[in-house]
Amino acid sequence: MKTDNIYKIDCTTITTWRNTKTGETFKEKKEGADIVQDVTVQVSPKGLDMIQKAMNNNDDKSKP
Numbered sequence: 043m044k045t046d047n048i049y050k051i052d053c054t055t056i057t058t059w060r061n062t063k064t065g066e067t068f069k070e071k072k073e074g075a076d077i078v079q080d081v082t083v084q085v086s087p088k089g090l091d092m093i094q095k096a097m098n099n100n101d102d103k104s105k106p
């Protein structure tokens, strides 16, 4: 794999914790039986465009 054309994609990762019974959300880590972790990744428009182009290139290569 050639690594000459590696681009940095600007993104932000947001992690929250949520109580599944009450629906209450927390920004700090909580422990418990009903606590689940939610992760959201926000990608810049330019980064999303780069990801879509890369995925389209991979699709074109996999077609016979």
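Start counting the sequence shown at 43; every next residue gets the next number (my numbering).
Virtual Cβ for every residue (Gly too), placed ideally from N, Cα, C.
Straight-line Cα distance separating residue j from residue i
| i | j | result |
| --- | --- | --- |
| isoleucine 56 | aspartate 80 | 8 Å |
| lysine 63 | asparagine 98 | 41 Å |
| aspartate 77 | lysine 69 | As written in the sequence, residue 77 is isoleucine, which differs from the aspartate given in the question. Taking the straight line from one Cα to the other gives about 12 Å. |
| lysine 50 | aspartate 91 | 12 Å |
| lysine 66 | glutamate 73 | Here the sequence assigns glutamate to residue 66, which means lysine is not the residue at that position. Straight-line Cα distance between these residues: approximately 13 Å. |
Assigned secondary structure, residue i (DSSP; H/G/I helix, E/B strand, else coil)
| i | result |
| --- | --- |
| aspartate 80 | strand |
Beta-bridge partners of residue i, as assigned by DSSP
| i | result |
| --- | --- |
| threonine 54 | Gln84 |
| asparagine 61 | Ile77 |
task = For the region 54-68 and the region 78-97, state whether three or more C-beta atom pairs, one from each stretch, are separated by less than 8 Å.
result = yes
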